[in-house]
Each structure stands twice: as C-alpha cells, then as structure tokens.
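Visitor: Numbering (my numbering), first residue to last: 1 to 524. Could you have a look at this structure, given as structure tokens, before my questions?
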C-alpha cells in the first residue's frame with residue numbers, strides 16, 4: 001500500500017560595522033604668523049610675501065582636495081569603513097601641512113552671535129550707528145511702511161538677521177539652503193553667490209582687523225607713559241584681498257572641511273541604516289523565495305514516490321497550502337490524487353464484504369479520506385474495516401445509505417456533499433470534475449457500485465475501482481455497467497486478494513460521455 005519520503009532547511013546573514021571618529025583639534029599659530037607676515041609686508045619684503053601667498057594657496061588646495069575626497073568616499077555606497085578612515089587621515093595630514101605653512105586656525109568660524117558681531121566692522125567707518133548689511137540689502141530698520149519688499153530684498157533682510165545671529169558654519173548652511181531654493185525660485189537666481197561673496201569679504205576684513213589689533217597692542221609700561229618716539233613702528237594693515245583674503249579663505253575652507261568630516265559618522269550611520277532597511281526588505285523577499293523554493297523541493301521529493309502514506313499526504317497538503325502561491329495550488333492538489341494508495345475491497349475483513357462484494361462504498365470513502373490526510377481511526381485494521389466499525393458502533397445505519405457515509409465523514413471531521421448525476425460532455429468533466437479534484441476527494445456511483453475518481457485525463461476519466469476493472473457498458477442482464485474479462489479482484493478464502501486490477505483504471509471518453517451516472521460525492 002505505500003512508500004514514504006522526507007524534508008529540508010534555512011540561514012541568515014550578519015554584518016559588523018565601526019563608525020570612524022572625526023576628531024577636531026585646534027590649530028595653532030595664527031596670530032604669530034599674521035604678525036610675522038605683516039612685518040614682512042611692511043618692510044617691503046615682496047619675495048617672502050609672495051612665498052607665503054603661494055604656500056597658503058597650496059594649503060587651501062590641499063585641504064579642499066582632501067576634504068572633498070573624504071566626503072566623496074563617505075557618500076559612496078561601496079565605501080568600506082577603512083576607506084573612510086583613510087580619507088579622514090589624509091584630510092588631517094593636509095590640515096597639518098596647512099598649519100605648518102600657512103598659520104591656519106582650526107577653530108570654528110568666529111561667532112556672529114553673543115560675541116563680536118558684524119557691527120564691529122561697521123563701527124570703524126560709521127561710529128557704530130548702523131550695522132553692516134549685505135550690499136544692496138536694506139538696513140534692518142528700513143522697512144517700516146510703503147510697498148512690500150520684493151523677494152530678493154526680503155531674502156537679503158532675512159540673511160542680515162542670520163549673519164548677525166548665527167555662527168559662520170550656520171550662515172554657510174543657510175546660504176547652501178538658499179542656493180537650493182534658487183532652483184525653484186528663479187527670482188532669487190545668483191543671490192546665494194552674491195551674499196556668499198559679501199560674507200567672505202566681511203570675514204577677511206574681520207581677520208585683518210583682528211590681526212592689526214594684536215600687532216598694535218601697546219608694550220607694557222613701567223608706570224610712566226611712553227613717549228611717541230618710543231612707540232613701535234607698525235607695518236601697514238593689508239586691505240582684504242591678497243594674503244589676508246587667502247588666509248580667511250583657508251579658515252573658511254578648513255571650518256567647512258572639519259564640519260564635513262565630523263558629519264561623516266552620521267552620514268555613514270544613515271547609509272548603514274538605509275542599507276539595512278533595503279537588506280531587510282530584500283531579505284524578507286529572499287526569505288519568502290527561499291521558503292517557497294524549499295517547499296517545492298520537499299514536494300518534489302515527496303512526489304517522486306509512486307504512492308504516499310496518509311501521513312505523507314498530510315505533509316504534502318500542508319506544504320502546498322503554506323509554500324505554494326494560491327494560483328498554483330490546484331495543480332499540485334490534482335497531482336496529489338495519484339499518490340493515494342489503492343484499496344482493494346476484496347481483502348476487507350468486515351462482515352459486510354460478502355462473496356459478491358458489499359463494501360465498495362466505504363473502501364472508496366477510505367481512499368477519499370486518505371487523500372485529505374485523515375489518519376486511519378484504527379491503525380490495527382485496514383482503513384475501510386475501521387470505518388465499518390465506526391458505522392456499527394455508532395449505529396449510523398445501513399452501509400449502502402448516503403446518510404451513513406455522511407455521518408462517518410462528519411465523525412472524522414469532514415463534509416460529504418452529494419451532487420446529482422446524469423449524462424455530461426467532456427467539457428463538464430474537464431471544468432467541474434477537475435475543479436473538485438483540485439483539493440477534494442470524489443466518489444462516483446455507477447448504479448450499484450461506487451468508485452473513487454482520481455483524474456481527468458486526455459484519454460478519459462481515471463478511477464480507483466476497489467472491485468476491479470469496470471466498464472461503462474450495460475450488461476446483458478440489464479445492469480448499467482459491466483466488467484473487463486478477467487479484470488476482477490479475486491477474494492480468497494483467507495480474506496486476502498493479491499491483485500489490484502482496478503487501480504488507475506481509465507474509462508474512455510466515448511463511454512464516459514454516453515453513460516448516465518447515478519451521483520457524485522465530494523468530500524472536503
């Protein structure tokens with residue numbers, strides 16, 4: 001009666017990560033270098049000044065290149081943590097070189113809020129009565145009435161407040177945001193560049209003034225006021241531009257570079273988060289594919305056997321339901337019909353099986369229950385004999401009664417529904433009968449005999465006939481069907497029957513479409 005089969009397994013990935021630490025350090029020596037440069041300029045040492053200019057410019061380029069490389073590496077999806085750390089180290093080396101050659105400071109840009117404001121630069125020219133505003137922008141107190149300012153004027157006013165109330169880094173960020181706005185607000189085109197240029201000029205001027213203030217600080221006295229003749233002669237303060245502009249530019253570049261480097265860990269963290277999110281979604285999809293693939297592999301292994309036990313059929317049905325897409329399940333359930341073991345009624349021990357038969361009904365019902373994965377209620381006996389014991393013990397009625405078969409099915413948790421028979425064309429069997437076979441067990445009565453329907457094939461209707469090889473052809477005595485000569489399972493005196501002659505028996509289409517069936521029973 002049957003053969004057995006087995007199952008499969010799964011895995012998951014893991015990734016490690018370190019976050020690079022972007023260290024900021026204070027660069028030293030700006031004031032001393034500025035004093036020295038001013039003295040050289042005042043003395044007219046054009047050569048030395050030219051060398052300093054070149055050195056500072058080279059520092060700017062080195063820092064810009066190194067910081068741009070670090071940012072580019074960190075933003076690359078393929079970047080490894082080691083690559084980012086190396087880029088940061090290269091940027092640090094560039095900064096250290098700038099320290100040695102150009103006297104750059106690594107401090108954050110001077111704050112315009114809470115400390116020295118931009119008003120300091122204006123006080124030298126106006127006596128402190130009016131704060132500096134970007135060129136072309138109205139003073140903060142100018143718009144008290146009249147027509148509403150245009151967009152550019154309004155943005156300039158807004159920038160004036162930002163410049164006075166935030167640090168240089170925050171001001172630069174605001175200008176970056178303004179530049180992004182220009183893409184969607186054409187009336188602001190070029191304004192970010194204009195304000196950025198003005199900002200750089202203001203910063204250069206502030207740097208120059210700070211250096212001049214340091215250089216002109218009076219020497220310590222011993223209680224008497226120094227005479228004018230003893231005052232140190234100072235080199236002239238260089239106007240913004242030239243070396244001072246370069247130094248101011250270096251300072252801004254360095255601030256931006258360090259800000260960029262400090263943000264690398266956060267950007268890498270975001271990148272990792274995004275990567276994990278993508279991998280999570282991808283992993284879920286791959287996991288589903290993997291489970292389905294394993295489910296198919298297990299089913300293929302089970303289906304490689306010619307016949308399956310009831311337990312194996314139950315396993316196969318569970319795999320079909322859990323791992324196979326809904327649109328494909330019907331085909332798998334239909335294929336599963338052929339894996340049910342054939343039951344021969346002629347070896348039944350039930351007293352209901354006489355010399356001429358009598359248990360074709362419960363034997364066919366046993367095959368349908370096995371197809372649904374329902375275990376034998378009494379493994380010590382043949383399935384159909386155990387069903388007859390249920391009938392007798394529960395007084396369900398005659399073995400030939402529809403109602404009796406329905407009660408036995410319900411006793412085992414299944415529902416048996418009957419459908420009227422008659423004559424049907426091939427299309428009906430290919431549509432309706434095939435639909436029943438894609439998950440349900442199907443009984444068929446041919447007037448006085450019951451069989452299990454197994455499949456709708458190109459040749460005809462395939463059945464498991466528990467008595468032998470039946471023919472849908474009227475017998476001479478008026479019976480609705482006949483038998484193939486020599487096609488009966490013989491009942492031996494000891495209750496055994498070696499032959500399974502009714503297994504996978506095919507009724508050809510010309511007989512099927514001409515025959516008037518009594519009824520069909522669908523077990524679910």
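In this text, a Cβ means the ideal position worked out from N, Cα and C, and glycines have one as well. Keep in mind the model is a prediction, meaning the values are calculated, not measured.
DSSP state of residue 317, grouped into three classes?
Guide: helix
Visitor: Tell me, please, which residues DSSP counts as bridged to residue 460.
Guide: BP columns for residue 460 point to 508.
Visitor: Quick one: residues in its chain with C-beta nearer than 6 Å to the C-beta of residue 196, no 5 flanking neighbours on either side, listed in chain order?
Guide: So the list reads 175, once near-sequence residues are dropped.
Visitor: With DSSP collapsed to three states, give me the class of residue 522.
Guide: strand
Visitor: Alpha helix (DSSP H) containing residue 157: first to last residue?
Guide: In this chain, the alpha helix (DSSP H) harbouring residue 157 covers 151 to 165.
Visitor: Note down, in chain order, each residue of its chain lying with its Cβ closer than 7 Å to the Cβ of residue 483, except the 5 sequence neighbours on either side.
Guide: If we look at residue 483 and ignore the five residues flanking it on each side, its Cβ neighbours are 468, 469, 470, 471.
Visitor: Please classify residue 339 as buried or exposed, where buried requires at least 16 other C-beta atoms within 10 Å of its C-beta.
Guide: With 16 or more other Cβ atoms inside 10 Å of its own Cβ, residue 339 counts as buried.
Visitor: Could you give the DSSP three-state label for residue 429: helix, strand or coil?
Guide: helix
Visitor: Who are the near neighbours of residue 474 in its chain, counting only those whose CB is closer than 8 Å to its CB and skipping five residues on each side?
Guide: 480, 481, 482
Visitor: Report yes if the CB atom of residue 348 is closer than 8 Å to the CB atom of residue 370, and no otherwise.
Guide: Going by C-beta atoms, residue 348 is not nearer than 8 Å to residue 370.
Visitor: Around the C-beta of residue 428, are 16 or more other C-beta atoms found within 10 angstroms, so that it is buried, or is it exposed?
Guide: exposed
Visitor: Do you know offhand how far residue 335's Cα is from residue 302's?
Guide: 12 Å
Visitor: By the DSSP assignment, the alpha helix (DSSP H) with residue 469 in it spans what residues?
Guide: Premise fails: residue 469 lies in the beta strand (DSSP E), 468 to 471, not in any alpha helix (DSSP H).
Visitor: Grab the span of the alpha helix (DSSP H) containing residue 372 for me, first residue to last.
Guide: Unbroken run through residue 372: none, as it is neither H nor E.
Visitor: Let me confirm a value: residue 446 is counted as buried when at least 16 other C-beta atoms fall within 10 Å, else exposed. Which label applies?
Guide: Label assigned to residue 446: buried.
Visitor: Pick from 332, 344, 294, 173: whose alpha carbon is nearest that of residue 504?
Guide: 344
Visitor: Provide the residue(s) that pair with residue 455 in DSSP beta bridges, ordered along the chain.
Guide: 462
Visitor: Find out if the Cβ-Cβ distance for the pair residue 368, residue 441 is shorter than 8 Å.
Guide: yes
Visitor: Here's the rule I'm using: 16 or more other beta-carbon atoms within 10 Å means buried, otherwise exposed. How should residue 409 be labelled?
Guide: buried
Visitor: For a test of the three-state rule: what should DSSP assign to residue 417, helix, strand or coil?
Guide: strand
Visitor: Looking only at its own chain, which residues have a Cβ that is under 6 Å from the Cβ of residue 407, when we skip the five neighbours before and after it?
Guide: Hits under 6 Å: 396.
Visitor: Quick one, are the C-beta atoms of residue 412 and residue 520 less than 8 Å apart?
Guide: Taking 8 Å as the Cβ cut-off, residue 412 and residue 520 do not qualify as a contacting pair.
Visitor: Leaving out five residues on either side along the sequence, give the residues of the same chain with a beta carbon under 6 Å from the beta carbon of residue 415.
Guide: 524
Visitor: Note down the Cα distance separating residue 404 from residue 377, rounded to an integer number of angstroms.
Guide: Cα-Cα distance, rounded: 17 Å.
Visitor: Take residue 525 and list the residues in its own chain whose beta-carbon comes closer than 8 Å to its own, dropping the five residues that flank it on each side.
Guide: The chain is shown only over 1 to 524; residue 525 falls outside these bounds and no answer can be derived.
Visitor: For residue 387, tell me which candidate among 154, 160, 352 has the shortest Cα-Cα distance.
Guide: Nearest of 154, 160, 352 to residue 387, Cα basis: 352.
Visitor: Give every residue of the same chain whose Cβ lies closer than 6 Å to the Cβ of residue 512, excluding the five residues on either side of it in the sequence, and list them in chain order.
Guide: If we look at residue 512 and ignore the five residues flanking it on each side, its Cβ neighbours are 460, 461.
Visitor: Is the separation between the beta-carbon of residue 316 and that of residue 295 shorter than 8 Å?
Guide: no
Visitor: How about residue 199 and residue 171: do their beta carbons lie closer than 8 Å?
Guide: yes
Visitor: Does DSSP put residue 515 in a helix, in a strand, or in coil?
Guide: Three-state result, residue 515: coil.
Visitor: Using DSSP's beta-bridge definition, name the partner residues of residue 483.
Guide: 470
Visitor: Of the choices 398, 425, 510, 455, whose alpha-carbon is the least far from that of residue 437?
Guide: 455
Visitor: Does the beta-carbon of residue 295, which I'm using as the reference point, lie nearer than 7 Å to any heavy atom of the ligand GDP?
Guide: With respect to the ligand GDP, the structure offers nothing, as it holds no ligand at all.
Visitor: Kindly indicate which three-state DSSP category residue 190 falls into: helix, strand or coil?
Guide: coil
Visitor: Out of curiosity, what's the CA-to-CA distance linking residue 184 and residue 320?
Guide: Rounded to whole angstroms, residue 184 and residue 320 show a C-alpha spacing of 55 Å.
Visitor: By the 10 Å Cβ neighbour count, where 16 or more other Cβ atoms means buried, how is residue 392 classified, buried or exposed?
Guide: exposed
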